[in-house]
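What follows is a short report on a single structure.
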Amino acid sequence: MDVRWIEDFLSLVETRNFSLAAEKRCVTQSAYSKRIRALENWLGVELFDRSTLPIRVTDRGQEFLPYAEELIAGVSRIHQAFPTQKGTVKNEIRIATLHALMLHFMPQLLGDFDFKGTKLVVSSNLVGFDTYVTDIVSGNSDLLICYEIPQLEEKLKNHFAIENAVIGTEDIVPVMATELKNTVSWETSSKIPCLVLTHGSFIAAIVEQKISRFRDKLETVYEANMSESLLHMAKQGRGVAWLPRSVCEKDLKKRNLVILKGPSLTIEASIKAYISRQKATPITSAFFRSLQGLH
4 MDVRWIEDFL SLVETRNFSL AAEKRCVTQS AYSKRIRALE NWLGVELFDR
54 STLPIRVTDR GQEFLPYAEE LIAGVSRIHQ AFPTQKGTVK NEIRIATLHA
104 LMLHFMPQLL GDFDFKGTKL VVSSNLVGFD TYVTDIVSGN SDLLICYEIP
154 QLEEKLKNHF AIENAVIGTE DIVPVMATEL KNTVSWETSS KIPCLVLTHG
204 SFIAAIVEQK ISRFRDKLET VYEANMSESL LHMAKQGRGV AWLPRSVCEK
254 DLKKRNLVIL KGPSLTIEAS IKAYISRQKA TPITSAFFRS LQGLH
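Letter by letter, the sequence shown follows residues 4 to 298 of my numbering.
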């Protein structure tokens with residue numbers, strides 16, 4: 004059994020779509036489907052009902068889900084317990100970041116970076132911000148690049164060696180399918196269907212704080228742990244989702260989506276870089292100093 008199969012399984016549970024899950028896992032749909040089938044053959048059960056769209060997780064798949072999540076969390080804990088030794092790769096910078104930022108913000112951030120003589124290793128996880136805290140404090144990650152949230156600041160406040168700098172900002176905007184423009188209105192709709200990110204994620208922490216006073220008006224109809232999943236559901240006309248503008252910018256320009264108008268519903272989020280001064284290598288410190296001048 005390959006651990007990648009478990010990650011594939013969790014991705015398909017999240018997206019309920021083979022092509023979207025394969026894209027997320029950076030493999031062809033054919034190869035991805037074979038890996039899901041290999042996992043099912045290894046377990047001896049059907050994990051997904053492929054006759055429905057979106058596909059449905061079977062009862063046995065639901066039984067397997069907590070085991071899969073615990074296995075991936077265990078792998079993460081092992082990796083934390085045995086971090087890469089400094090100096091095994093010369094001039095390597097290990098950057099932990101969020102999936103949405105890795106796809107949209109990091110390429111722009113690194114656009115002018117000179118990679119000569121330096122290797123950047125960029126990764127993200129779906130476990131939650133506790134793992135990011137552990138990684139940056141332990142030195143398992145050289146840099147953490149993420150949205151600023153109070154929960155993270157609270158966890159890091161007693162770690163005096165952790166330094167941070169604001170390196171950018173991004174708007175989190177409430178978007179919905181253009182077809183809903185005439186039927187969903189902040190002023191006239193008694194209830195607005197809401198697509199939300201799983202509690203404990205960075206964007207969820209930002210959005211929950213902003214919209215908590217609107218709980219009576221917003222009705223959660225779908226929850227997932229990736230912005231891209233909410234994006235696809237919003238485009239299908241399932242409800243309103245608060246998403247980083249970079250995630251939905253193309254669809255806004257194509258008019259597949261529109262921004263819900265209301266009382267200051269757009270949220271400006273700061274993007275920060277975090278570094279441990281005690282564990283930073285010279286190349287990581289130099290890279291962090293270059294980031295400090297960006298904002």
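Ideal placement from N, C-alpha and C gives every residue a C-beta, glycine not left out.
Close beta carbons around residue i, own chain, < 8 Å, minus the five adjacent residues each side
| i | result |
| --- | --- |
| R258 | T181 |
| S14 | A24, K27 and R28 |
| I152 | F132, F205, A208 and I209 |
| I165 | I139, V140, L159, Y277, I278, S279 and R280 |
| A41 | D5 and W8 |
| E49 | E43, T61, R63 and G64 |
| E72 | L13 |
| Q239 | A180 |
Neighbourhood of residue i by C-beta distance below 6 Å, restricted to the same chain and skipping five residues each side
| i | result |
| --- | --- |
| D254 | L260 |
| G242 | P196, C197, L198 and V224 |
| A289 | none |
C-beta contact flag for residue i and residue j at 7 Å
| i | j | result |
| --- | --- | --- |
| P247 | E222 | no |
| P69 | R19 | no |
| A276 | L146 | yes |
| L233 | L198 | yes |
| L123 | I81 | no |
| I170 | A272 | no |
| L263 | M179 | yes |
| N143 | T134 | no |
| A103 | Q295 | no |
| I286 | N94 | yes |
| K213 | I270 | yes |
Identity of the residues DSSP links to residue i by a beta bridge
| i | result |
| --- | --- |
| K122 | E95 |
| R59 | D52 |
| L294 | L294 pairs with nothing; no bridge assigned. |
| S279 | I165 |
| G142 | Partner(s): none; G142 has no beta bridge. |
| L260 | A180 |
| I286 | Answer by DSSP bridge pairing: none, since I286 is not bridged. |
| A272 | E173 |
| I148 | T100 and A276 |
Status (buried if at least 16 other CB within 10 Å, exposed otherwise) for residue i
| i | result |
| --- | --- |
| P177 | buried |
| H235 | buried |
| G47 | exposed |
| G77 | exposed |
| E173 | buried |
| E66 | exposed |
| N185 | exposed |
| R292 | exposed |
| A283 | buried |
| M202 | The sequence as given places His at residue 202; Met does not occur at that position. Looking at its Cβ environment, which holds fewer than 16 other Cβ atoms inside 10 Å, H202 is exposed. |
| W245 | buried |
Cβ shell of residue i (< 7 Å), same chain only, five flanking positions each side left out
| i | result |
| --- | --- |
| M17 | Note on identity: in this sequence residue 17 is Glu, with Met being the wrong assignment. Contacts found: A227, N228, M229 and S232. |
| M105 | V125 and S127 |
Distance cut-off 6 Å: residue i Cβ against heavy atoms of the ligand MN
| i | result |
| --- | --- |
| V125 | Among the components modelled here there is no ligand, and therefore nothing to report on the ligand MN. |
At what residue ranges does the region 178-248 contain a whole run of the beta strand (DSSP E), taking only runs of 3 or more? Runs found: 195-200, 221-227 and 243-247.
Quick check on the DSSP output: what are the complete alpha helix (DSSP H) runs of length 4 or more inside the region 15-48, in order along the chain? Runs of the alpha helix (DSSP H) inside the region 15-48: 21-27 and 32-46.
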